[in-house]
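Numbering (the numbering used here), first residue to last: 370 to 593.
Ideal Cβ positions, reconstructed from N, Cα and C, are used throughout, including at glycine.
Reading through the structure tokens given below for one structure.
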């Protein structure tokens, strides 16, 4: 799951990103709204953590514009503005949740997970392709009831492929989903991650589900 943190306090942004990464999220940081726009032009995000008082504008106005343009990523406002009228304005302005700083990282992660469980494109908690299943909340994969031991990145990769089962997922899309902008990505990183995931899927008895489409990407489909 990839999260965009829009926060102009560099230290706080890094603390949030590090804490969320330890809990299974990939994070990018934007220190202003212009950087947030650039980030969203280059990647698809599952959720946005948004401050309000930013150097180049107000987060509520920006979020409202995104909603009108049908950018639908769930948004969690995290701000020092705690007055009732501020909270009401934030929620009415397009936020899916609103919390006042300071917030513990465990609560922040839990609130993001809760946003992703709400009705909408990501409402399905357990994805099933035949006997292969993936619990998006627990980040756990099973085949015929037996758990498959996956790393965070392998779990993210499997979720992506299962959500798009039966269609080819391009290599660039996978790279964008698995790695934040500030992470070094080696030329064969996606291939290596796919190789590890395929080995674990095969060892669990689900061999033949992952397919390489040479020169394009990868696809997961139910075996005949």
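| Item | Value |
| --- | --- |
| Contacts around residue 383, its chain only, beta-carbon distance under 8 Å, and the 5 residues preceding and following it disregarded | 398 |
| DSSP beta-bridge partners of residue 426 | 423 |
| Rounded separation between residue 413 and residue 559 - CA only | 17 Å |
| Sub-8 Å separation of residue 400 and residue 549 beta-carbons | no |
| Where residue 415 falls: helix, strand or coil (DSSP) | coil |
| 8 Å Cβ cutoff met for residue 468 and residue 480 | yes |
| Beta-ladder partner(s) of residue 398, from DSSP | 374 |
| CA nearest to the CA of residue 462, picked from 452, 477, 437 and 472 | 437 |
| Cα-Cα separation, residue 403 to residue 455 | 23 Å |
| Paired residues, beta bridge with residue 448 - DSSP | 469 |
| Close-in-space but distant-in-sequence residues of the same chain around residue 458 (CB under 7 Å, 5 per side omitted) | 429 |
| Per-residue DSSP class, three states only, for residue 532 | helix |
| C-alpha distance - residue 586 paired with residue 542, whole-angstrom precision | 9 Å |
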